[in-house]
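Novice: Have a look at the structure that comes next, please.
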Amino acid sequence: MAKLVECVPNFSEGNNKEVIDALRQAISQTPGCVLLDVDAGASTNRTVYTFVGSPEAVVEGALSAARVAGQLIDMSRHTGEHPRMGALDVCPFVPVMNVSMEECVTCAHDFGQRLAAELEVPVYLYGEAAQEESRKALPTIRAGEYEALPEKLTKPEWAPDFGPPTFVPRWGATVTGARTFLIAYNINLLCTKELAHRIALNIREQGRGTNQPGRLKKVQGIGWYLEEENIAQVSTNLLDFETTPLHTVYEEVCRDAEALNLPVVGSQLVGLVPKKAMLDTAEFYIKKEKLFILEEEQKIRLVVSRLGLDSLSPFHPRERIIEYLVQAGEVDGGLVAKPLGAFVRAVGGRSAAPGGGSVSAAAAALGAALGCMVGLMSYGKRQFEDLDPIMRKLIPRFHQAMDELVTMVDADSRAFSSYMEAMKLSKSTPEERERRTAAMQQGLKTAVRVPYALAEKVSGLWPALKELARHCNLACKSDIQV
């Protein structure tokens, strides 16, 4: 499968439409780059672009946009609410699919080196690409912002990783690096900038300094005021949403706001968000409020409602969740995207894949789907009201298994194909034979892993299936017997 890297350059221009569009065009016209999102902020005077592509393509796309920024953005005239130090302020590379963090570090190094050489500007490395521990955190590098650069660049400890240690008034300096997926998330308040900042200091990991750390790990935060919306925001960066999820940030801000008698009026996601971050938040509110929701689309809608994500502008999941955008750009949806007849004919074709593994996964998915159907036909009706607690417990298991088993239809075919590709490798020399044997062994392990996981998943459903059979709507008995 193709390698996919996300690049999220932040440019210091959020008001001039001509400049914003020129940067957009520079990225979208770069071969191999797919522009997913453009998020411009007037008060912050900053635009965040999100695009994906191969490691080589995203480096070229970022450089193309940087060249345009060098011509059109003048930092000596820049003002805005967001901390910044350069025309291209920060440019991170993020692994999305079939790409390691090390490869993204290489992207950052290549980009930084070429940017510094072409535009003759200072460039710093941060995050996983940092060459010094003291430069891992972006706020540390950006301390003092653009205005501090003339003095900062004269200090040996702040010599840039690439480029000259000289102040370039029109440009400033750029920070590039590699990181995990960062979520830019803002909570809206009807209050002053100062009160919003007080809450930000309470929750961000840095807190008020070494002696007064904040409550939430892997969270950066600041308070500011959005003049165009006439509201204040606690603006946060979630550096690791697995450590501190969206709902935790929102609930903690609400708690502090309530203590200060301040109204929270929704929140805002800037740029794109991983689907898992949304679904984790949905599960939190489902558990908290004892809700019964199965469908992914409904779970996303719940999150939009509970967090007030459409308070400032409409939130369209198909345009804001990265997996949906990547999926929309794929030409080949795999076996599961084929009509049933086409899938059957593919199995009956003169090729080893798709074969027994894919058929087994499809049959298992249909079995789980029947279990889900029987459960739903036994739930939510007055005559079966006494069964509701049992069905609420059982139905999600079949629904989740159904979704997971569907993905195994393609996973099995791909796994077997990797073994077949290894068999085609050259074996002319001892080194090539050794390489081929190692690749075949790895291919076999991958090929075995999928059916093993399939067997485990199906076996794990039997207890739930037996319980469902004991309690289900008798009109569906024949379906569960299948």
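98 is the number of the first residue of the sequence shown in the working numbering; add one for each residue after it. Cβ atoms here follow ideal geometry from the backbone N, Cα and C, with glycine treated the same way.
Less than 8 Å between the C-beta atoms of F264 and L250, yes or no?
Specialist: Against the sequence shown, residue 264 aligns to sequence position 167. Against the sequence shown, residue 250 aligns to sequence position 153. Yes, Cβ-Cβ distance for F264 and L250 is below 8 Å.
Novice: Decide yes or no for the touch test of the stretch 477-489 against the stretch 507-523: beta carbon pairs closer than 8 Å, at least 3 of them.
Specialist: Fewer than three Cβ pairs drawn from the stretch 477-489 and the stretch 507-523 lie within less than 8 Å of each other, which leaves the two stretches out of contact.
Novice: Would you call L357 buried or exposed, if buried means 16 or more other Cβ atoms sit within 10 Å of its Cβ?
Specialist: Within the sequence shown, the letter at position 260 stands for residue 357. By the neighbour-count rule (16 or more Cβ atoms within 10 Å), L357 is not buried but exposed.
Novice: Where are the beta strand (DSSP E) runs, 3 residues long or more, that stay fully inside the stretch 133-191, in chain order?
Specialist: 143-150
Novice: Below 6 Å CB to CB, which residues in the same chain sit around V105 once its five sequence neighbours on both sides are set aside?
Specialist: Numbered from 1 along the sequence shown, position 8 holds the residue referred to as residue 105. Around V105: T147 and P189.
Novice: Can you tell me the Cα-Cα spacing of I418 and I397, whole angstroms?
Specialist: Numbered from its first residue, the sequence shown carries residue 418 at position 321. Numbered from its first residue, the sequence shown carries residue 397 at position 300. So the alpha carbons of these two residues sit roughly 10 Å apart.
Novice: Do the stretch 146-165 and the stretch 126-135 meet, that is, are 3 or more Cβ pairs less than 8 Å apart?
Specialist: yes
Novice: Should the stretch 309-322 be called in touch with the stretch 335-347, which here means at least 3 C-beta pairs below 8 Å?
Specialist: yes
Novice: Just the Cα atoms here: how many angstroms apart are P342 and D500?
Specialist: Counting from one through the sequence shown, the residue named residue 342 turns up at place 245. Counting from one through the sequence shown, the residue named residue 500 turns up at place 403. Near 24 Å, if we compare the C-alpha coordinates of D500 and P342.
Novice: So, are the CB atoms of A275 and A234 less than 8 Å apart?
Specialist: Taking the sequence shown and counting its residues from 1, the one referred to as residue 275 is at position 178. Taking the sequence shown and counting its residues from 1, the one referred to as residue 234 is at position 137. With a cutoff of 8 Å on beta-carbon distance, A275 and A234 are scored as not near each other.
Novice: With 16 other CB atoms within 10 Å as the buried threshold, where does V220 fall?
Specialist: Counted from its first residue, the sequence shown places residue 220 at position 123. Under this definition V220 is a buried residue.
Novice: Can you tell me whether Q480 is buried or exposed, with buried defined as 16 or more other CB within 10 angstroms of its CB?
Specialist: Position 383 of the sequence shown, counted from the start, is the residue given in the question as residue 480. With fewer than 16 Cβ atoms within 10 Å of its Cβ, Q480 is classed as exposed.
Novice: Could you pull out every residue in the same chain whose Cβ sits closer than 8 Å to the Cβ of A62, ignoring the five residues on either side in sequence?
Specialist: The shown model of the chain, from 98 to 579, leaves out residue 62, and the question about it has no answer.
Novice: Count the other CB atoms within 10 Å of the CB of V428; is the residue buried (16 or more) or exposed (fewer)?
Specialist: One-based indexing of the sequence shown puts residue 428 at position 331. Below a pLDDT of 50, predicted positions are generally treated as unreliable, and V428, at 44, falls in that range; the measurement from the model is reported next regardless. By the neighbour-count rule (16 or more Cβ atoms within 10 Å), V428 is not buried but exposed.
Novice: To which residues of the same chain is P247 closer than 8 Å at the C-beta, ignoring the five residues directly before and after it?
Specialist: Residue mapping note: residue 247 aligns to position 150 of the sequence shown, counting from 1. Same-chain partners within the cutoff: F264.
Novice: Hey, could you find the ends of the beta strand (DSSP E) T333 is sitting in?
Specialist: Against the sequence shown, residue 333 aligns to sequence position 236. Where T333 is concerned, the enclosing beta strand (DSSP E) stretches over I328 to L335.
Novice: State the beta-bridge partners of L502 as determined by DSSP.
Specialist: Looking up residue 502 in the sequence shown gives position 405. None, per the DSSP bridge assignment.
Novice: Exposed or buried, which one is P436 when buried takes at least 16 other CB atoms within 10 Å?
Specialist: For the purposes of this step, residue 436 is identified with residue 339 of the sequence shown, where counting begins at 1. Result: exposed.
Novice: When you compare only the Cα positions, how much space is there between E325 and T271?
Specialist: Position 228 of the sequence shown, counting from 1, holds the residue named residue 325. Position 174 of the sequence shown, counting from 1, holds the residue named residue 271. Their backbone Cα atoms lie some 28 Å apart in a straight line.
Novice: Hey, would you say G183 sits closer than 8 Å to S109, going by beta carbons?
Specialist: What you label residue 183 is simply residue 86 of the sequence shown in a count that begins at 1. What you label residue 109 is simply residue 12 of the sequence shown in a count that begins at 1. For G183 and S109, yes; Cβs fall inside 8 Å.
Novice: Count Cβ pairs between the stretch 281-300 and the stretch 251-263 that sit closer than 8 Å; are there 3 or more?
Specialist: no
Novice: Does the distance from the CB of R295 to the CB of G320 come in under 8 Å?
Specialist: Numbered from 1 along the sequence shown, position 198 holds the residue referred to as residue 295. Numbered from 1 along the sequence shown, position 223 holds the residue referred to as residue 320. Their beta carbons are under 8 Å apart, which means R295 touches G320 by this criterion.
Novice: Could you tell me the alpha carbon to alpha carbon distance between D207 and L359, rounded to whole angstroms?
Specialist: The residue labelled residue 207 in the question sits at position 110 within the sequence shown. The residue labelled residue 359 in the question sits at position 262 within the sequence shown. In a straight line, the C-alpha of D207 is about 47 Å away from that of L359.
Novice: Taking the straight line between their C-alpha atoms, what separation do you get for A498 and K114?
Specialist: Position 401 of the sequence shown, counted from the start, is the residue given in the question as residue 498. Position 17 of the sequence shown, counted from the start, is the residue given in the question as residue 114. C-alpha separation (whole angstroms): 47 Å.
Novice: Kindly give me the distance between the Cβ atoms of L185 and V116, rounded to whole angstroms, as I take these residues to be in contact under 8 Å.
Specialist: Looking up residue 185 in the sequence shown gives position 88. Looking up residue 116 in the sequence shown gives position 19. The pair is not a contact, with the Cβ atoms about 12 Å apart (cut-off 8 Å).
Novice: When you compare the stretch 277-293 with the stretch 365-379, are there three or more beta-carbon pairs, one atom per stretch, that lie closer than 8 Å?
Specialist: yes
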